[in-house]
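Counting along the sequence shown from 1, when you hit position 43 you're at 43 in full-length UniProt numbering, and nothing is skipped either side. Have a look at the structure below, then the notes.
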Amino acid sequence: RTFICSFPDCDATFSKAWRLDVHLCRHTGERPFVCDYEGCGKGFTRDCNRIRHLLTHTGEKPFACAADGCNQKFGTKSNLKKHIERKHENQQKQYVCDFEGCSKSFRKHQQLKVHQCQHTNEPPFKCNNEGCGKHFSTPTRLKRHEKIHEGYACKKENCSYIGKTWTELVKHNKESHTDLVCSECHKTFKRKDNLKQHQKTHAVEREVYRCPREGCERTYTTVFNLQSHILSFHEEKKPFSCDYPGCGRVFAMKQSLTRHAVVHDPEKRKLNLKAKRARPKRSLASRLSGYIPLK
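Next comes the structure, spelled out in structure tokens:
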């Protein structure tokens with residue numbers, strides 16, 4: 001699921017509901033988690049920040065260093081990590097460079113291999129794909145390169161999409177598999193434009209698109225419906241015709257033809273009828289907004 005900020009002119013999105021809650025505090029200025037220590041009253045957007053702040057009053061240091069002979073304690077996990085890196089890191093280095101005249105040591109084998117490239121002038125990680133043989137300085141770069149040969153496959157069930165790049169796969173997942181959630185009512189959508197259209201139903205004054213043609217007072221809740229009206233009613237243009245034998249219906253918009261084509265496809269029609277039987281009755285606002293009900 002993707003959680004989207006509902007404030008005007010803000011396109012922020014989050015993968016978790018609590019992240020959206022923290023973000024909304026930036027707009028409202030609210031600090032819901034208040035320090036209850038006597039005389040303090042400082043507010044925070046997250047409870048974990050309040051708890052960490054409370055340690056400054058109590059003097060408690062719950063994070064103890066586990067190194068032999070070290071009894072140091074710290075108020076935060078990040079301060080403990082800094083201490084270990086500063087005081088004990090050298091004790092943990094076990095991978096030593098064996099090139100003549102070099103005695104550098106490293107905590108990880110990968111760090112040693114990357115360092116040794118300076119001696120050999122050849123990156124240590126080789127692509128084993130037939131006909132390639134390129135070398136890379138880190139496993140991450142090698143792995144990224146290998147995707148060029150195999151592509152980025154979508155891991156969603158019953159989806160055979162393979163992107164040429166990671167960016168293409170991310171775009172595909174956002175457009176095809178991500179549930180977008182309305183922050184007002186928590187309804188879910190597959191497409192961002194449908195979510196934005198739905199969010200207009202929560203507005204005090206709904207945006208209405210009025211036909212600009214002289215003498216016509218028709219209004220619509222979507223640009224698509226307005227465009228369809230102008231083309232078919234005023235300009236009498238219906239360039240998209242159904243080529244199914246014996247049909248011949250014509251439409252002003254390509255999307256309308258695509259929706260109509262399902263009528264002639266027995267399998268798709270069967271699926272649609274099943275979905276309609278299982279789907280609860282939808283409100284007018286729901287149908288206009290493109291909202292996809294939860295199954």
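Think of the CB as a built atom: it goes at the ideal place given N, C-alpha and C, for glycine as much as any other residue.
Three-state secondary structure (DSSP) at residue i?
{"i": "residue 221", "result": "coil"}
{"i": "residue 19", "result": "helix"}
{"i": "residue 278", "result": "For residue 278, the predicted model reports a pLDDT of 46, less than 50, meaning its position is unreliable; a value from the coordinates is still stated below. Helix."}
{"i": "residue 135", "result": "strand"}
{"i": "residue 58", "result": "helix"}
{"i": "residue 210", "result": "strand"}
{"i": "residue 13", "result": "strand"}
{"i": "residue 103", "result": "coil"}
{"i": "residue 74", "result": "strand"}
{"i": "residue 7", "result": "coil"}
Checking 9 Å against the spacing of the C-beta atoms, do residue i and residue j come in under that value?
{"i": "residue 25", "j": "residue 31", "result": "yes"}
{"i": "residue 183", "j": "residue 4", "result": "yes"}
{"i": "residue 142", "j": "residue 154", "result": "no"}
{"i": "residue 221", "j": "residue 200", "result": "yes"}
{"i": "residue 168", "j": "residue 152", "result": "yes"}
{"i": "residue 198", "j": "residue 211", "result": "no"}
{"i": "residue 193", "j": "residue 2", "result": "no"}
Excluding five sequence neighbours on each side, which residues of the same chain lie with their C-beta closer than 7 Å to the C-beta of residue i?
{"i": "residue 64", "result": "73"}
{"i": "residue 54", "result": "35, 37"}
Quick one, which of the options has its alpha-carbon nearest residue i's?
{"i": "residue 8", "options": "265, 28, 17", "result": "28"}
{"i": "residue 225", "options": "196, 256, 13, 177", "result": "256"}
{"i": "residue 219", "options": "228, 213, 227, 209", "result": "209"}
{"i": "residue 164", "options": "115, 50, 145", "result": "145"}
{"i": "residue 13", "options": "47, 181, 216", "result": "181"}
{"i": "residue 121", "options": "130, 111, 137", "result": "137"}
{"i": "residue 51", "options": "193, 258, 59, 35", "result": "35"}
{"i": "residue 177", "options": "156, 195, 166", "result": "156"}
{"i": "residue 244", "options": "229, 260, 233", "result": "260"}
{"i": "residue 47", "options": "18, 59, 67, 58", "result": "18"}
{"i": "residue 202", "options": "80, 185, 42, 106", "result": "185"}
Who are the Cβ neighbours of residue i in its own chain at under 8 Å, not counting the five residues just before and after it?
{"i": "residue 132", "result": "149"}
{"i": "residue 116", "result": "97, 99, 124"}
{"i": "residue 139", "result": "110, 125"}
{"i": "residue 56", "result": "75"}
{"i": "residue 70", "result": "87, 88"}
{"i": "residue 231", "result": "237, 238, 252, 253"}
Within its chain, find whatever has a CB closer than 6 Å to the CB of residue i; leave out the 5 residues flanking it on each side and keep chain order.
{"i": "residue 162", "result": "151, 153"}
Using a Cβ-Cβ cut-off of 9 Å, state whether residue i counts as contacting chain D.
{"i": "residue 183", "result": "The structure shown contains no chain D, having only a single protein chain."}
Would you call the segment 251 to 260 and the segment 230 to 242 touching, i.e. three or more CB-CB distances under 8 Å? Put simply, the segment 251 to 260 touches the segment 230 to 242. At least three CB pairs are less than 8 Å apart.
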